[in-house]
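All the letters of the sequence shown, read from the start, carry residue numbers 589 to 853 under the working numbering.
Every residue, glycine too, gets a C-beta built ideally from N, C-alpha and C.
I have placed the structure first, in the form of structure tokens, so that the comments after it can refer back to it.
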Amino acid sequence: MQVKEIKCKSILNKSKLADYCINSYVGCEHACVYCYSKYYIKKYTQHKEEWGSFVDIKINSPEILRREVLKRKKGSVFLSSLTDPYQPLEKKYELTRKCLEILQRNNFSVCIQTKSSLVLRDLDLLKKFKNCEVGFTITTLNEKIRKEFEPFSSPVEEKLEALRILKENGIKTYVFFGPVLPFLSDQKLEEFFEKLSDLADYFFIDKLNLKPGIWEKIEKVLENYPGLKEKWKKIFFGRSDYYKILKEKIEKICKEKKLNYIFCY
Ligand code: SF4
């Protein structure tokens, strides 16, 4: 892992996901096979390395944020849109924690999305916000599949436990069920929503977005599953109503279980 400390000029950026977003890291140690964050980072062209093999640390992000919150209109902040705010390096650098402290003191609301139970470290702080929600990305309850597609994220059981603790402490939670991996994530849909129904206030569901270069990484993982590559090719390179049918199935389950859900596609 190549880790570099850099300085940023701004940190509170406009976002489509909330009023603002904060990305204190460029790159992500979680190294999810399907991640397409790099396509939204102009400076990525400077990195010849594979996504997941480098992280630039915006070491001055709390300092910049301290100035920016005084000039900007109060609003909601999403952490993070192009990286995981609780990837392992956060344990050492505490940039997410420091930024959260500033946002809390200045009455901003936050939405955190992560794949790491490290978020629990900041529970004391999260509880101080008037408006705070935490979402966990969970693409599967199968630990073997999780490891293949999101190798350095928290194990499934750890994520579920973290959601339980957050809920018990009065934090609003959601599960981002995405990307749904055909014939892998969707094998036990009923069980998936049943198990998570008490842990999440609502669900987002998204399909897989194959940006250039992603398929080459994914097909290597699919080799572990005989016949699956061909089935995926039909969905992503042919004509397929796979995600339409999936939507109908999930809608039926969520309605039956009276769960709140939002499709991102
Ligand atoms: S956790 Fe998010 S940002 Fe990090 S590699 Fe995975 S998908 Fe990309």
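- Under the three-state reduction of DSSP output, threonine 727 falls in the coil class, being neither helix nor strand.
- A direct Cα-to-Cα measurement between glycine 826 and valine 643 gives close to 36 Å.
- Using a Cβ distance threshold of 8 Å, threonine 727 and proline 673 do not count as a contacting pair.
- In the assembly as shown, aspartate 712 is an exposed residue. Its beta-carbon has fewer than 16 other beta-carbons within 10 Å.
- Assigned with DSSP and collapsed to three states, threonine 671 falls in coil, not helix or strand.
- Excluding its 5 nearest sequence neighbours in each direction, cysteine 596 has C-beta neighbours in its own chain below 7 Å: Lys646, Asn648, Ser649 and Ile652, listed in chain order.
- Taking non-hydrogen atoms of the ligand SF4 into account, the C-beta of lysine 799 is found less than 7 Å away from none of them.
- Nearest in C-alpha terms to isoleucine 793, of all of Ile806, Lys845, Tyr681 and Tyr762, is Tyr762.
- Approximately 6 Å separates the beta-carbon atoms of isoleucine 610 and cysteine 687; this is inside 8 Å, confirming the contact.
- Secondary structure of aspartate 644 (DSSP, three-state): strand.
- In this structure, Tyr628 is the residue among Tyr628, Leu605 and Ser603 with its C-alpha nearest to the C-alpha of valine 614.
- Secondary structure of isoleucine 802 (DSSP, three-state): helix.
- In this structure, Phe824 is the residue among Phe824, Ser669, Lys604 and Asn695 with its C-alpha nearest to the C-alpha of proline 800.
- Checking the 7 Å criterion, the Cβ of cysteine 620 is within range of a heavy atom belonging to the ligand SF4.
- At a cut-off of 7 Å, the beta-carbon of lysine 703 counts as near the ligand SF4: some heavy atom of the ligand is closer than that.
- Phenylalanine 717 is positioned such that its CB atom lies no closer than 8 Å to that of glycine 663.
- In the structure shown, tyrosine 762 falls within a strand segment according to DSSP collapsed to helix, strand and coil.
- Between histidine 618 and glutamine 701, the gap from beta carbon to beta carbon reaches 8 Å or more.
- Annotation note: the segment 734-781 contains the following uninterrupted beta strand (DSSP E) runs of length 3 or greater, listed N- to C-terminal: 760-765.
- Per DSSP, the unbroken beta strand (DSSP E) holding cysteine 699 starts and ends at 697-702.
- For phenylalanine 851, the beta-bridge partners assigned by DSSP are Ile793.
- Straight through space, the alpha carbons of cysteine 720 and asparagine 694 are spaced by roughly 14 Å.
- Comparing alpha-carbon positions, the option among Leu714, Thr684, Asp607 and Arg709 lying closest to lysine 661 turns out to be Asp607.
- Residue side-chain check: threonine 761 keeps its Cβ at 7 Å or more from all non-hydrogen atoms of the ligand SF4.
- Look at cysteine 842 here: in three-state DSSP terms it is helix.
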